[in-house]
Structures are given as structure tokens and as C-alpha cells.
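Peer 1:
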Amino acid sequence: MHKLATILSVCAFFFGLAPLSAHGTEVMRPGVLQIGGHTADGKAISFTIADLERLPHTKFTTTTPWHTGPTTFEGVLVRDLLAAIGAKGSKFEAVCLDKYIAEIPSDDWTTYNLMLAYKRDGSYMQIKDKGPFLLVYPFDSEPALQTAKYYARSAWQLASITIE
Amino acid sequence: MKLLDRICYGLVLVAMAFSVAGVCLAYVNARTNDTLVDAARYDVALECGQTLEELSRFGQDLGYYLANPNPIAHDNLAVEVQIFDGRIDAFDLGSLKSYSESAPERADLVRRYRQSANTVQALARSVLGGTTPLSSGLIDGSHHLVEASHDFLARMCTDSQEYASDSIEVTRQRLQRNNRVSLLLISGLVVSGLGLVIVLGLQNYLARTGFRMQTETAAMYERLAKHDPLTGLPNRYEFMRRLLEAIGRVPNGHEIAVITLDLDRFKLVNDSLGHGAGDALLQSVASRLLLIAGAESDILVARLGGDEFVVLVETPAGHKSRAGQFAQRIADLLKSPYDIEGQRVSACATLGVAIAPEHAMIATELARKSDTALYCGKSKERGTWRLYEPAMDQDLHLRRALEMELSGALERNELAFHYQPIVELETGSTKGVEALLRWAHPVHGVVAPATFIPIAEESGLIVRIGEVMLHHACRDALLMPEHWQIAVNLSAVQFQRGDIVATVRDALRDSGLAPERLELEITESVVLNNDGHTLAALQALKALGVRIALDDFGTGYSSLSYLRRFGFHKLKIDRSFIQDIPSDRQAVQIVRSIASLAASLDMTITVEGVEAREQCPVLMFAGCTHAQGYLFARPAPLHQLLQWSERTQPLIQAAMAS
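Chains as they are written, first to last, in this note's numbering: chain U, 42 to 205; chain X, 12 to 669.
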């Protein structure tokens with residue numbers, strides 16, 4: 042009786058929040074980046090770190106509000122990535138593992154060296170380290186980027202990119 | 012100048028203030044920029060809020076898994092645990108670290124949150140790992156743990172708002188302060204700018220004033236350089252410049268006349284009435300000349316210096332020459348008396364005229380020839396104008412030579428003393444002689460007294476010569492018959508320069524001649540001005556016992572007035588009066604009047620220049636007592652004279668008796 046009541050109350054407790062926990066049925070695959078939307082053939086593409094490492098990569102050093110001191114990031118420039126998959130769009134939506142959503146306009150990857158980073162200071166990033174995929178702007182080299190606007194767009198723990 | 016210097020320093024200081032202000036402003040702006048940048052930086056409150064929301068979701072997912080363990084939920088939870096790990100660690104890094112370290116209470120709060128969150132993580136890991144069996148109590152437990160962490164996070168959210176608000180306030184105040192400083196600096200700049208403008212304006216004004224003064228001074232000096240300060244007339248240099256210019260127009264058919272003039276006896280006026288009077292006279296002459304020039308642009312009057320003036324007359328092509336006409340007008344106008352310092356002064360001018368292209372085409376030549384003509388005129392006839400003739404150059408040359416020679420003539424004994432007898436008309440007997448100077452130059456020959464006496468007067472040599480002559484005459488007189496008088500001519504110059512009274516006294520004393528035998532002949536020029544000095548000298552001479560005669564009577568301007576001033580013993584009528592006697596009845600009448608005048612004033616009359624026998628009875632009848640002339644005897648040296656006296660005297664006497 043005590044057990045049943047607990048189960049029922051828990052169910053009721055969580056039932057109320059059921060709509061909010063709809064995501065519990067989805068599978069989170071942290072090591073894979075999904076790219077969808079206006080790809081070359083309209084189909085979604087999945088990238089692992091190994092896949093991304095095959096593309097031309099760069100690195101730059103910058104300070105960020107979430108790291109202490111200048112940090113070197115290594116990865117693929119977003120424009121290179123989009124060019125590699127033949128995707129064209131005016132913006133994309135980045136969704137993160139923690140359900141954070143950011144919208145990045147095309148100016149950001151054409152004007153600035155916006156990078157999809159997978160290595161920080163030479164090593165791959167853990168989830169708790171804001172990895173495995175992190176969108177980072179070269180804040181130090183562009184003073185215009187040092188505003189809340191761009192900090193908000195610098196999404197970490199990327200799960201998917203939808204090009205529009 | 013000191014003011015300008017100070018202004019300069021002021022400007023420098025202002026400029027420095029400018030620069031300093033500029034630099035300060037730039038710095039302040041940079042700082043303001045930094046502040047704004049800071050203000051736009053990372054938002055801690057947002058991060059806290061997001062973390063709070065994530066914790067909620069994590070708590071949900073944990074509870075869901077505990078309630079409904081399945082493989083998908085298990086995997087997702089595993090990922091979320093890692094995500095949440097990141098959230099906990101975040102407070103050790105970057106801006107969140109600054110936040111947690113900004114106050115001890117915050118650090119404490121963060122530490123307690125972290126402790127609580129780590130407990131949740133530990134529980135989640137153990138559930139995932141299967142080390143903790145699922146139970147209903149676990150759900151409650153996890154819920155409480157999550158709540159506890161939630162609690163801390165919620166407090167941090169609010170607190171981070173305060174943190175954010177504080178830093179905004181700090182930023183705001185900093186901005187305000189920067190703005191105030193900016194305002195101050197801008198005001199400073201504006202004031203400095205205004206100051207600079209004012210100072211520049213002042214400098215500009217001063218420079219312009221200085222420049223204007225400079226220009227005015229320069230103009231004044233130019234005027235001074237070109238004009239004579241006393242009369243305001245153009246000076247020599249300006250005149251020469253204009254002459255040069257005018258001569259350039261001669262090829263076009265213009266005639267240029269240079270009329271040089273100087274005032275006769277100017278020196279006399281200067282010496283007797285003083286330099287003030289002399290200057291006043293020059294100014295009067297200048298204004299009279301300007302009167303003649305009128306407004307005509309063709310006539311230029313200039314002062315060459317001293318008492319010398321020059322008039323440039325330009326006659327355009329096709330017109331008749333006006334040179335002579337002008338020269339005459341000038342001579343006439345300058346003749347009339349002047350009113351100088353309340354006194355009536357007579358002066359007249361002698362003029363020399365030279366004309367281009369006739370006489371010369373070079374400016375200096377033309378001026379020189381005009382001057383030569385003037386010089387010639389002075390020696391021949393004063394008070395008139397004379398046109399240049401080529402012969403004048405020779406005359407001048409000779410004159411200059413004579414001047415030089417005359418000074419040595421005395422030492423070289425080239426000067427000889429001749430005597431001409433003065434005869435009593437009635438009896439024919441010689442009553443005395445007039446001493447005359449003769450000069451025989453070895454090269455130039457005999458030089459006429461009319462030539463060298465003026466030269467001697469001008470150079471002042473006459474004083475020395477006159478002295479020698481007096482001594483000589485007095486000595487020679489001793490060799491003559493006792494009743495003979497000896498007459499010596501005196502020049503006005505001898506009264507002006509040197510002590511004539513002393514000279515005469517010495518001559519009388521040295522010779523031992525009786526004073527009554529000495530007669531001094533003076534012309535009106537001696538008593539020209541009412542000069543106390545001269546009159547006193549004459550009185551002194553009279554007091555010595557010497558006789559004074561007025562020579563060349565009738566030739567001057569106001570001879571009669573001189574008779575009033577001084578009691579002369581004798582009157583000598585100039586030869587010009589008797590030249591036309593006996594033919595000219597008027598001349599006879601004039602002579603008669605003069606003679607009666609003299610007689611009424613107890614003066615004897617000697618008439619000069621008697622050359623014809625016919626003249627004698629007429630003259631005698633007219634009242635002349637004595638006569639002198641070639642008719643009786645030419646001037647001769649002493650021994651010749653004495654011989655003549657012995658031989659011919661009786662003859663003359665006999666002739667006169669008839």
C-alpha cells in the first residue's frame with residue numbers, strides 16, 4: 042500500500058511534468074554531430090570527431106569567459122565545414138546536449154573565423170569540459186565579438202546544426 | 012616688445028595645455044571605452060539562471076530514471092551527469108571564478124552549492140553504475156538533494172543579480188566620472204582655444220600696427236631722404252633724380268632748363284642777424300620760388316643746400332622756351348625786401364641758366380654748367396640771370412686757379428700797391444691819393460681788381476690783404492707830401508671778420524702816420540644792415556681821427572638812408588653818373604643834387620672816373636670839389652707817382668687855372 046502510493050504520487054508528480062520530459066524518450070548521442078537542413082542533397086549528415094578531423098582544420102588562441110587564461114582551440118572553421126558538405130544558408134540553428142539553442146547568422150562564419158572546435162589545448166574535450174563539440178569565436182582578435190551577444194552564440198556541447 | 016614676448020610665452024603655455032588636455036582626453040576616452048567594454052561583458056546572472064534551469068531538468072531526469080529505468084534513459088542520464096559536472100566546475104573558471112571570489116560570503120555560498128551538487132552527482136553515478144539499488148526512498152532522497160542544491164543555486168542567482176547590478180553601478184559611476192572629466196577637458200580646450208584666438212588676434216593686431224608704424228616710419232624717412240627739412244623742398248638727390256628723368260624726355264622734343272641760384276650776401280644776413288634769421292630768409296625765398304612754380308608740374312623747385320636753390324623748367328615740345336622768362340621772374344621776385352623777424356632785409360639772387368639739349372645732355376653736366384653760369388654771374392653782375400656760354404668754363408677754371416694763387420700771392424710779393432691821385436677841381440692840385448691793389452701773376456698776367464677782389468672777399472683773404480695794404484699805405488704816405496691824404500678801401504668782410512679797428516690802430520701806430528691823413532672808403536654793403544657791431548666799429552674809427560668816406564654813392568638801393576646813419580666825411584660819386592656828362596643834362600642835374608646834398612651835410616665830394624676835360628667845368632659847376640680819373644693820372648706805384656707829381660702837377664694846375 043505504502044509502495045503503491047509512493048509510485049502513484051511519483052507518477053502524478055512527474056505526470057504533470059510529462060510534457061516537459063518528452064525528451065526522455067530521445068537518445069542523446071554526444072559523440073556525433075548531426076547536420077541537417079539545407080545540405081547539398083537535403084539529407085542530414087552525421088559527423089564524428091574522426092570525420093571532422095579529415096576536413097581542413099586550423100587553430101587559434103583566445104580567452105573566453107568560461108576558461109581561465111588564453112586557450113588554444115583546434116577544429117574546423119564553420120565555413121570550411123559547410124563548404125565541404127556543400128551546404129548553403131543564411132543562418133543555422135545550433136542545439137546543444139543541455140537543450141540550449143542558439144541561432145547563428147551567416148555573417149558570423151563568413152566575416153569571422155567561427156570555429157567548430159573539438160580540441161582544447163591539444164586534448165579532446167569531455168562533456169563536462171564543454172565538449173565534444175564547441176562553437177568558439179576568436180574573441181581576442183576581434184574586439185567587436187567581446188559582447189554578450191556573441192558569448193551567447195558560443196554554444197558548447199553541440200548536438201546538432203540545422204542550416205536554414 | 013616685452014608684451015609680445017609675454018604673449019609668445021602665453022601662447023606656448025596654451026599650446027602645451029592643449030596638448031596635455033588632448034592627451035588626457037584621449038586617455039579618458041580609452042578608459043571610458045574599456046569601461047563600456049567591461050559593461051558589455053559576460054553576464055554572470057544569466058549563467059546562474061541557466062545553471063538553475065539545468066539543475067531542475069537534471070533533477071527531473073534523475074527522478075524519471077529512478078521511476079522508470081530503461082536503457083535509453085540510462086544513457087541520456089549518463090550524458091547529463093557529465094553535462095552537469097561541467098556546470099559545477101564552471102565556477103572555478105573565468106568570469107564565474109571572479110564572481111565567486113568577489114566576496115567571502117559568495118565564496119562560501121559557492122562552496123556549499125558545490126558540495127551539495129557533488130553529492131547529487133555521486134548519487135546519480137552510483138545509480139547509473141548499479142551500485143545503489145533502486146527504491147522508493149531513493150526517489151525522495153534524490154529529490155531532497157536536488158532541492159538543496161537548487162536552494163543554493165537560487166540564492167546565487169539573486170546574489171549574482173546584485174553582483175551584476177553592483178558592477179553596472181560601478182561602471183555607471185566610472186562613466187559619469189569620465190564624462191565629467193571629459194566635460195572639464197572640453198571646457199578647458201574651448202577656453203584654451205578662445206584664448207589662443209584672442210592672443211593670435213592680439214598678435215595680429217600688434218603686428219599690423221607695428222607694420223603700419225614701420226610703413227609710416229619708412230615713408231617718413233623716404234620723405235626725409237628726398238626733401239630738405241627746413242624748407243620742405245626736394246633736396247639735391249631728389250632733384251638729380253628728377254633731372255635725370257626729365258632729360259630722358261629731351262629726345263621727344265622737350266627742353267629742360269636748369270636755373271641755379273644763390274642769395275647774394277646771405278652770409279652777411281646769417282652772421283649779422285643770426286642763424287634763425289638766416290633760416291627764416293631761406294624759407295621766405297623757398298615760398299617765393301614755389302609761388303612762381305605755382306601748380307605747374309613742369310616746374311620743380313629744390314634746395315641744393317646752404318643758400319643755393321635750383322629750379323627745373325621743362326618746356327614740352329612745340330612750345331617756346333620759357334627759361335629766360337622764368338629766370339627773370341625769379342630774379343625780380345627775389346629782389347623785393349623780406350620781412351625777417353620784424354626787420355626789413357634785402358637780398359637778391361644771382362641766377363645761372365643751362366639748357367638741354369643745347370648745353371648738355373648729361374644731368375651732371377647740365378647741372379654743372381648751370382652752376383658755372385651762376386658763378387660767372389656772381390663775379391660780373393649780381394641780381395640778374397646769366398645764360399651759360401662755353402667760355403664760362405674757361406672763366407671758371409681761371410677763377411678757381413686764381414683763388415688758389417691768390418693765397419700765395421701775398422707771400423710771393425705779386426701784389427703791388429698803386430696810387431691814383433685825387434685832384435682838387437678848382438686848383439688842380441693833388442690833395443691825396445687812393446690806394447689800389449694790383450696783382451701781376453707770372454703766368455696769368457695782370458689780374459684785374461674787379462676779378463680778384465671778389466675772390467679775396469669770398470675766401471676771407473681780404474682781411475689779411477687789407478691789413479697788409481693798410482700798413483703799406485700808412486708807411487707810403489709818410490713818403491708823400493704832408494698835406495696829401497691817403498684813401499684805402501675797406502671791404503664789408505673786413506668788418507665782419509677780424510678786428511678792423513685794431514688793424515687800423517696798429518697801422519697808424521706802427522707807421523706813425525697822423526690819423527687825419529688816413530681816409531677809409533667804405534661801400535654801402537658795409538652798412539647794409541643796421542648792425543650795431545659795424546656802426547660801433549665805424550664810430551671807433553672816427554674816434555681815432557680817421558676820416559670815413561662813402562664810396563660808389565648812388566649805385567646801391569638806399570644810399571640816402573646810410574647818410575643818416577653815420578656822419579661820413581666824404582661822398583664819392585660813382586663813375587657811372589658822370590659818363591654821360593656833359594651831354595646828358597639829367598645826369599648833370601643828378602650830380603648837382605648829390606653835391607648840394609653833400610655840401611649841406613658838410614661832406615666833400617669826390618667824383619670818380621673823370622676822363623675828359625669837358626667834364627671838369629661842368630662838375631665843378633655842379634658842386635664837386637674833388638675828382639679822380641685817367642684824365643689826371645692812372646694809378647701808379649709810389650715812386651712813379653711821386654715823379655709824376657713833381658713833373659706834371661704844375662702843368663695841370665696851369666691847365667685848371669685856364
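No residue lacks a Cβ here, since even glycine has one placed at the ideal position from N, Cα and C.
At what residues does the alpha helix (DSSP H) containing A606 of chain X begin and finish?
Peer 2: Taken as a continuous stretch (DSSP letters only), the alpha helix (DSSP H) holding A606 of chain X covers 596 to 611.
Peer 1: Going by DSSP in three states, H265 of chain X sits in which element: helix, strand or coil?
Peer 2: If DSSP states are grouped into helix, strand and coil, H265 of chain X belongs with coil.
Peer 1: Answer with buried or exposed for L156 of chain X, where buried requires no fewer than 16 other C-beta atoms within 10 angstroms of its C-beta.
Peer 2: Buried: at least 16 other Cβ atoms inside 10 Å.
Peer 1: For V602 of chain X versus F579 of chain X, is the C-beta distance shorter than 7 Å?
Peer 2: No, Cβ-Cβ distance for V602 of chain X and F579 of chain X is not below 7 Å.
Peer 1: Using a Cβ cut-off of 7 Å, pull out every chain X residue sitting near D170 of chain U, in sequence order please.
Peer 2: Neighbours of D170 of chain U on chain X, chain order: G97.
Peer 1: Hey, does P71 of chain U have any beta-carbon neighbour from chain X nearer than 7 Å?
Peer 2: Yes, because at least one Cβ of chain X sits closer than 7 Å to the Cβ of P71 of chain U.
Peer 1: If you draw a straight line from the alpha carbon of R276 of chain X to that of A328 of chain X, how long is it in whole angstroms?
Peer 2: Those two C-alpha atoms are separated by around 38 Å.
Peer 1: Let me see if you follow: with CB-CB separation under 7 Å, is L104 of chain X close to chain U or not?
Peer 2: With 7 Å as the cut-off, L104 of chain X counts as an interface residue toward chain U.
Peer 1: When the Cα of A334 of chain X is compared with those of X:V364, X:E435, X:D350, which residue comes out closest?
Peer 2: Residue X:V364 is the option with its Cα nearest to A334 of chain X.
Peer 1: Output, in chain order, the set of chain X residues within a Cβ distance shorter than 9 Å of H108 of chain U.
Peer 2: Correct list: L104, G105.
Peer 1: Quick check on R314 of chain X: buried or exposed, where buried means 16 or more other Cβ atoms within 10 Å of its Cβ?
Peer 2: It is buried - the Cβ of R314 of chain X has at least 16 other Cβ atoms within 10 Å.
Peer 1: Leaving out the 5 sequence neighbours to the left and right, which residues in its chain are closer than 7 Å to D382 of chain X when beta-carbon positions are compared?
Peer 2: Closer than 7 Å at Cβ, skipping near neighbours: T271, G363.
Peer 1: Using only the alpha-carbon positions, how far apart do R508 of chain X and I473 of chain X sit?
Peer 2: Their backbone Cα atoms lie some 10 Å apart in a straight line.
Peer 1: Cβ atoms of L377 of chain X and A297 of chain X: under 7 Å apart, would you say?
Peer 2: Cβ distance not < 7 Å, so A297 of chain X and L377 of chain X don't count as in contact.
Peer 1: Please list, in chain order, the residues of the segment 126 to 139 of chain U that have any C-beta partner in chain X closer than 7 Å.
Peer 2: Residues L138, D139.
Peer 1: Tell me M156 of chain U's beta-bridge partners as DSSP assigns them.
Peer 2: DSSP output for M156 of chain U lists U:L118, U:V177 as bridge partner(s).
Peer 1: For the beta strand (DSSP E) that contains A230 of chain X, what are its first and last residues?
Peer 2: No beta strand (DSSP E) contains A230 of chain X, which is instead part of the alpha helix (DSSP H) from 147 to 237.
Peer 1: Quick check: the Cα distance between L662 of chain X and P646 of chain X, rounded to an integer number of angstroms?
Peer 2: Going by the C-alpha atoms only, they are around 18 Å apart.
Peer 1: Which residues in the same chain have their Cβ closer than 6 Å to the Cβ of H64 of chain U, if we skip the five residues on either side of it in sequence?
Peer 2: Bear in mind that a pLDDT of 43 at H64 of chain U, under 50, signals an unreliable position, so the model cannot answer this.
Peer 1: Measuring straight from C-alpha to C-alpha, what distance separates K108 of chain X and K169 of chain U?
Peer 2: Approximately 16 Å, taken between the alpha carbons.
Peer 1: Straight-line CA distance for R191 of chain X to V34 of chain X?
Peer 2: For R191 of chain X and V34 of chain X, the distance between alpha carbons rounds to 16 Å.
Peer 1: Are the Cβ atoms of L199 of chain U and M156 of chain U separated by less than 7 Å?
Peer 2: Not in contact: L199 of chain U and M156 of chain U (Cβ atoms no closer than 7 Å).
Peer 1: Does any CB atom of chain U fall closer than 7 Å to the CB of E65 of chain X?
Peer 2: It does; some Cβ of chain U falls within 7 Å.
Peer 1: Quick one: using the 10 Å Cβ neighbour count with 16 as the cut-off for buried, is D82 of chain U buried or exposed?
Peer 2: Exposed is the call here.
Peer 1: K442 of chain X to I310 of chain X, Cα distance in whole Å?
Peer 2: One C-alpha to the other measures close to 58 Å.
Peer 1: Going along chain U, which residues have a C-beta under 7 Å from Q93 of chain X?
Peer 2: Simply Q167, I168, K169.
Peer 1: Does any CB atom of chain X fall closer than 7 Å to the CB of A63 of chain U?
Peer 2: Summary for A63 of chain U: the model assigns pLDDT 40, below 50, so the residue's position carries little reliability; its value from the coordinates is reported in the next sentence. Not one chain X Cβ lies under 7 Å of A63 of chain U.
Peer 1: Do three or more CB pairs link the segment 123 to 142 of chain U to the segment 69 to 85 of chain U at distances below 8 Å?
Peer 2: Because the criterion of three Cβ pairs below 8 Å is met, the segment 123 to 142 of chain U and the segment 69 to 85 of chain U touch.
Peer 1: Taking CB distances under 7 Å as the criterion, tell me whether D177 of chain X reaches chain U.
Peer 2: So, not an interface residue.
Peer 1: Return the CA-CA distance between A551 of chain X and P526 of chain X, expressed in angstroms with no decimal places.
Peer 2: Rounded to whole angstroms, A551 of chain X to P526 of chain X spans 12 Å at the Cα level.
Peer 1: By the three-class DSSP mapping on this structure, what secondary structure does V43 of chain X have?
Peer 2: The sequence shown places Thr at residue 43 of chain X, not Val. T43 of chain X: helix per DSSP, three-state reduction.
Peer 1: Take the Cβ of M614 of chain X as the centre, count every other Cβ of all protein chains shown within 10 Å, and call the residue buried at 16 or more, exposed below.
Peer 2: Burial call: buried.
Peer 1: Please report the residue range of the beta strand (DSSP E) in which S387 of chain X lies.
Peer 2: Note that residue 387 of chain X corresponds to Cys in the displayed sequence, not to Ser. Taken as a continuous stretch (DSSP letters only), C387 of chain X belongs to no beta strand (DSSP E), being part of the alpha helix (DSSP H) at 374 to 391.
Peer 1: List the endpoints of the continuous beta strand (DSSP E) containing S201 of chain U.
Peer 2: 199 to 204 is the span of the beta strand (DSSP E), which, as asked, contains S201 of chain U.
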